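The sequence shown begins at 50 in the working numbering and counts up one residue at a time. All C-beta atoms in this analysis are idealised placements derived from N, C-alpha and C, irrespective of residue type, glycine included. The structure displayed is predicted, hence computed values, not measured ones.
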Amino acid sequence: MRQWSDLPRFFVEAEAIQEKFVTFSEPISRQILTVLRLDANQAKVIVLDNSGAAWLTELTGKSGKFVSGKLLEEIESGDDCQLELTLCFSLSKREKIELILQKCTEIGVTHFLPYFSERSLNRTESLDSKRLTRWQCIIREAAEQSERNKLPKLMNVMNFQQLISGLAPDTQKLCAYEASKSTYSFGQLTLKPGKVALLIGPEGGFSDFEIELVRLAGFQLFSLGKRILRMETACMVASALVVNRLEST
50 MRQWSDLPRF FVEAEAIQEK FVTFSEPISR QILTVLRLDA NQAKVIVLDN SGAAWLTELT
110 GKSGKFVSGK LLEEIESGDD CQLELTLCFS LSKREKIELI LQKCTEIGVT HFLPYFSERS
170 LNRTESLDSK RLTRWQCIIR EAAEQSERNK LPKLMNVMNF QQLISGLAPD TQKLCAYEAS
230 KSTYSFGQLT LKPGKVALLI GPEGGFSDFE IELVRLAGFQ LFSLGKRILR METACMVASA
290 LVVNRLEST
């Protein structure tokens, strides 16, 4: 077992840390006191500021609704590697998106890029603040649980054509696609360390026009096997395959 793996982990804003002391936000303080029932005067936790650094921290007390702590030492914690994997997924029902964010954060995705296309179940062009806050909370909790040092970034919603044309030139582009017998299996793909964009289609699949755009944009099309997977399952399976390949090279 990794040292310190039994201690609770909390991501905080960089400004919450001042001269080796940290003040936890009200939601985190509430989690410390009422959910985890930690001793606010001596319990130890791990604090992360999303820079990649992690500190062993001792709680030092409570003032009003806020718990504070002292940073004791910087530690090696988490297993984030240098891969940069952007998961491009279609907007859909709330519970499906939340499952994708949670599980793919645990798997190792570094960027989430929601989009809408012709057959997307949800064609919302922007996220309201309540939904955005909830999604970011799901990502944060999954990152803490899976011992990541940095939070995956949730990007703005794009339409399909913006997504296809907006990826950086040095990005390796992959698309899971079942409708063509000419697609490769994942093991046949050419993949090297660096930036990777992984595109998963909506429940209704891509239109002929959309898949032509994908081909013209230089995506490598591949199959996830003989069975037809749900969108959220495809996101998890494909992400795990990419992360495993890149972490093994």
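Item to complete: Leaving out five residues on either side along the sequence, give the residues of the same chain with a beta carbon under 7 angstroms from the beta carbon of residue 1.
Response: Examination of residue 1 is not possible in this model, given that the chain is present from 50 through 298 alone.
Discussion item. Need the endpoints of the alpha helix (DSSP H) that residue 288 sits in, please.
Written reply: 280-297
Practice prompt. Would you identify the three-state DSSP class for residue 104, choosing helix, strand or coil?
Written response: strand
Worksheet entry | Integer Cβ distance of residue 208 from residue 258, believed to fall under 8 angstroms | Wrong, their Cβ atoms sit about 13 angstroms apart, outside the cutoff.
Worksheet item: Could you give the uninterrupted runs of the beta strand (DSSP E) lying entirely in the stretch 71-145, keeping only those of 3 residues or more?
Response: 93-97, 103-112, 115-124 and 133-139
Worksheet item: Using the C-alpha atoms, what's the distance from residue 112 back to residue 215?
Response: 47 angstroms
Worksheet item: So is residue 292 buried or exposed if we call it buried at 16+ other beta carbons inside 10 Å?
Response: buried
Discussion item. Just verifying my parser: in three-state terms, what is the DSSP assignment at residue 161?
Written reply: strand
Worksheet item: Is DSSP giving residue 216 helix, strand or coil here?
Response: coil
Discussion item. For a test of the three-state rule: what should DSSP assign to residue 273, helix, strand or coil?
Written reply: coil
Worksheet item: Closest by CA to residue 251, which one among 297, 83 and 225?
Response: 225
Worksheet item: When burial is assigned at 16 or more other CB atoms within 10 Å of the CB, is residue 236 buried or exposed?
Response: exposed
Discussion item. Less than 9 angstroms between the beta carbons of residue 90 and residue 106, yes or no?
Written reply: no
Discussion item. If contact is defined by three or more beta carbon pairs under 8 angstroms, each pair taking one atom from either stretch, is the stretch 93-102 in contact with the stretch 195-204?
Written reply: yes
Worksheet item: Which value, in whole angstroms, describes the spacing of the CA atoms of residue 219 and residue 295?
Response: 16 angstroms
Worksheet item: For residue 58, which of helix, strand or coil comes out of DSSP?
Response: strand
Worksheet item: I think residue 72 touches residue 138, with their Cβ atoms under 8 angstroms apart; what is that distance to the nearest whole Å?
Response: About 35 angstroms separates the two Cβ atoms, so there is no contact after all.
Fill in: Cβ separation of residue 104 and residue 124, assumed to be a contact under 8 angstroms, to the nearest whole Å
7 angstroms
Worksheet item: If you draw a straight line from the C-alpha of residue 61 to the C-alpha of residue 74, how long is it?
Response: 8 angstroms
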